[in-house]
Every structure is written in structure tokens, then in C-alpha cells.
Amino acid sequence: MSRSVFCSIGGISERELASWEREDLIAPARVERVRGRVEGLYDREALRRVRVIRTLAEELEVNIPGIGVILHLLDQMER
Numbered sequence: 520m521s522r523s524v525f526c527s528i529g530g531i532s533e534r535e536l537a538s539w540e541r542e543d544l545i546a547p548a549r550v551e552r553v554r555g556r557v558e559g560l561y562d563r564e565a566l567r568r569v570r571v572i573r574t575l576a577e578e579l580e581v582n583i584p585g586i587g588v589i590l591h592l593l594d595q596m597e598r
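Counting in this note's numbering, the sequence shown runs from 520 upward without gaps.
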């Protein structure tokens, strides 16, 4: 799904998504050239990850570095 649709479904702003991408918390599933520009496309796994990030940040008040550590550990456990 496109960035705007992804943000709408995930309940986040495009600014939050850009910030999380800069912090390497989330990445698009793939990148395609759309109408002459590069656009990230997101999948259900990325949407699940957004929900985890939001839960950690909003409900548990974990800061960005802490979220990165937790996500890294969860990724290792899934492997």
C-alpha cells in the first residue's frame, strides 16, 4: 500500500513515519518508481510493526532508542 494509505490505516502521520524510518524502526516492504518518483510501498508486516511501535511509545512510554532495542530483540526472536 502507498505511504498515505499506510499512515491512514496505521493511525500515524507521514511525519511520524518519516521519523521512524530515519531511526531504522520501520522500512517499506519495497520501493517502486511511481509517476517518475521513488515511493515506498508497505505491507501488513509493516502495519503490524507500526502498531507495536505505537503501543510501546503511547501506552508504555518507551523512548525511541528503547523502542529500537525492543524491536531488535523481537526480530531476533522471530528468526
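Built from N, CA and C at the ideal position, the CB exists for glycine as well. Computed from a predicted structure; not experimentally measured.
Closest by C-alpha distance to residue i, when choosing among the options
i           : options            : result
residue 587 : 535, 595, 543      : 543
residue 552 : 539, 546, 521      : 521
residue 575 : 593, 556, 549      : 593
residue 591 : 577, 572, 580, 554 : 572
For residue i, the first and last residue of its enclosing beta strand (DSSP E)
i           : result
residue 560 : 556–560
Contact belief for residue i with residue j at Cβ below 8 Å, rounded distance in angstroms
i           : j           : result
residue 537 : residue 548 : About 17 Å separates the two Cβ atoms, so there is no contact after all.
Endpoints, alpha helix (DSSP H) assigned at residue i
i           : result
residue 549 : Per DSSP, residue 549 belongs to no alpha helix (DSSP H); it is in the beta strand (DSSP E), 549–553.
residue 540 : 533–541
residue 530 : No alpha helix (DSSP H) holds residue 530; DSSP gives it neither H nor E.
Residues of its chain near residue i, where Cβ-Cβ distance is below 7 Å and the 5 sequence neighbours each way are ignored
i           : result
residue 546 : 540
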